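Chemist: The structure is given below, and queries will be raised subsequently.
What follows is the structure, encoded as structure tokens:
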């Protein structure tokens, strides 16, 4: 997954990312226009990423999935997710059906998709550039942080500089988060545990 590749992989990563950012801008515009299905560009671009990898590589490795430690990683992740859900059910004032709906949203729409796109697809394909591994992870971190800007700026009509300054600490956090998730992915050979960690953070901060 995080191995040296042909240059075309790196070029695909950059081209896709630029289109992805435009897609996020369009999501913000559709949201601002009160279009109910504003998330369609996000889903379509996710499908495009899956298609690119499966057609080019004929495997799930560059999406962040490997058979090497999959079983134990799945067990660890499942325990984390279940434990957090039970914890939230005990402490939260929200009804259980709303917690379950939120859990599905943060697990599949947020955590799984972002981990596949950023720790899987884009970070793997950036290895098409002949740079130091640390530099490639830094680029991936910048990609991940910047991706959190377009939708918020456009959807809420916020001055870009003002929003960046206001959200600077959050952008730093997302950058560090990317580096940490890449480290875990590299050590555990897939994104299963990062998906669970991502879910835990986003889910808890929104339901408690």
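In the working numbering, the protein residues as written are 245 to 452.
Just so it is clear, CB atoms sit at the ideal spot from N, CA and C, and this is done for glycine as well.
The structure displayed is predicted, hence computed values, not measured ones.
#1: On the CB-based measure, 16 or more other CB atoms within 10 Å of its CB, does residue 432 come out buried or exposed?
#2: Rank 381, 412 and 382 by C-alpha distance to the C-alpha of residue 393 and give the top, closest one.
#3: Can you have a look at residue 250 and say buried or exposed, based on whether 16 or more other CB atoms are within 10 angstroms of its CB?
#4: Looking at the unbroken alpha helix (DSSP H) that takes in residue 438, where does it start and where does it end?
#5: Which value, in whole angstroms, describes the spacing of the CA atoms of residue 293 and residue 448?
#6: How would you label residue 277, buried or exposed, when you count the other beta carbons within 10 angstroms and need 16 or more for buried?
#7: Below 8 Å CB to CB, which residues in the same chain sit around residue 354 once its five sequence neighbours on both sides are set aside?
#8: Any idea if residue 436 is buried or exposed, counting beta-carbon neighbours within 10 angstroms, 16 or more meaning buried?
#9: Please return the same chain residues whose Cβ sits closer than 6 Å to the Cβ of residue 357, not counting the five positions on each side in sequence.
#10: Going by C-alpha to C-alpha distance, which of 450, 452 and 434 sits closest to residue 315?
#11: Is it right to say residue 323 is buried, meaning 16 or more other beta carbons lie within 10 angstroms of its own, or is it exposed?
Modeler: A quick look at the data gives this:
#1: buried
#2: Nearest to residue 393 by C-alpha distance, out of 381, 412 and 382, is 412.
#3: exposed
#4: 436–451
#5: Going by the C-alpha atoms only, they are around 28 Å apart.
#6: exposed
#7: So the qualifying residues of the chain are 442, 443 and 446.
#8: buried
#9: 290
#10: 434
#11: exposed
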